Amino acid sequence: MNGPGAVPIVVCVWDGLTYPGIDCSLRSPKFLKAVPPLWQVPLSGLFATIESAHPVFEAISDEATTSSRGHSVRLSVWLNKNKQTLFLAGDRMIDGDRYLAPQHDLPPIDPSRLTAINWDGVNFRVESQTSQRKPESIQAFMSSYLRAEEQFDVLIDDDRSGEASDLVGLQVDRSELVVTLVHCKYSSAVIPGARLADLYEVCLV
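So the sequence shown is numbered by this note's numbering: it starts at 18 and just counts up by one.
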């Protein structure tokens, strides 16, 4: 591929033959339990990870090479430079150098960390600002609140059916994309309260 922004084509060379890099995925050998864990590249033997949470690949058998734009390097060098995303059992994954695992034993939110918002001037029975930009709506208030209190590179303000959220804030933080989702729901009465109907409105959308 040529031209600005073109993605270089990576190929693997093994035993004198060339294979597209996309066909050389990592997979864990079946029924194999090893410490450190082993990953298999189908056409180049086995690779060991030195530490599963921060994988460093090294070959423990004959090794293939990779070639891109005329430069050839050993496959282990390429893997360590271009970190892979590995999906593991139990909803765990290794994303580059980060080991991510669900935390099912998190304690409840500490009430001292919650901040009450001043809702003066908001009609809790009006959820969407619609195309009329109703200033008394919950959505219009939250849009103004987020723009005043948070820092976003992009703030998407949308209330059409099927949207991911009424307000979506996007912020690039170095190599990370931080996404803030705010979903607005109205109250079935003028004064908000612990009503089952309102709970259904929020949870069963």
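Virtual Cβ for every residue (Gly too), placed ideally from N, Cα, C.
All of these numbers come straight from a predicted model, not from anything done at the bench.
Top-ranked residue by Cα proximity to residue i, from the options
i, options, result
"V195", "V171, A206, Y116", "V171"
"W31", "P72, E75, E80", "E80"
"L163", "D112, N140, Q188", "Q188"
"N135", "M159, D122, P72, S129", "M159"
"E166", "T197, D108, D190, N140", "T197"
"D141", "I173, V28, D215", "According to the sequence as given, residue 141 is Phe; it is not Asp. Among I173, V28, D215, the Cα nearest to that of F141 is on D215."
"G138", "E153, P128, D127", "E153"
"V185", "P37, A206, D176", "D176"
"E144", "P125, N99, K202", "K202"
"V73", "T83, V27, K100", "K100"
"R91", "V27, E218, I208, S161", "V27"
Where residue i sits in the DSSP three-state scheme
i, result
"V94", "helix"
"D112", "strand"
"S78", "coil"
"F48", "Caution applies to F48, whose pLDDT of 48 falls short of 50 and renders its modelled position unreliable; the value that the coordinates give is listed next. It is coil, neither helix nor strand."
"L216", "helix"
"P124", "coil"
"A211", "coil"
Burial state of residue i (16 or more Cβ within 10 Å)
i, result
"L103", "buried"
"D183", "buried"
"G210", "exposed"
"Q146", "buried"
"Q149", "exposed"
"L96", "buried"
"A6", "Residue 6 lies beyond the residue range present for the chain, which begins at 18 and ends at 222; the question has no answer from this structure."
"I155", "buried"
"M93", "It should be noted that the sequence gives Ser, not Met, for residue 93. S93 comes out buried."
"C220", "exposed"
"I39", "exposed"
"I77", "exposed"
Per DSSP, the bridge partner or partners of residue i
i, result
"C29", "Y36, T83"
"H88", "S85"
"L103", "I111"
"L117", "M110"
Contact test: residue i Cβ vs the ligand MN heavy atom, cutoff 8 Å
i, result
"L96", "The ligand content of the structure shown is nil, which means the ligand MN is not present either."
Handout entry: Segments assigned alpha helix (DSSP H), at least 4 residues, entirely inside the stretch 134-209
Key = 155-166
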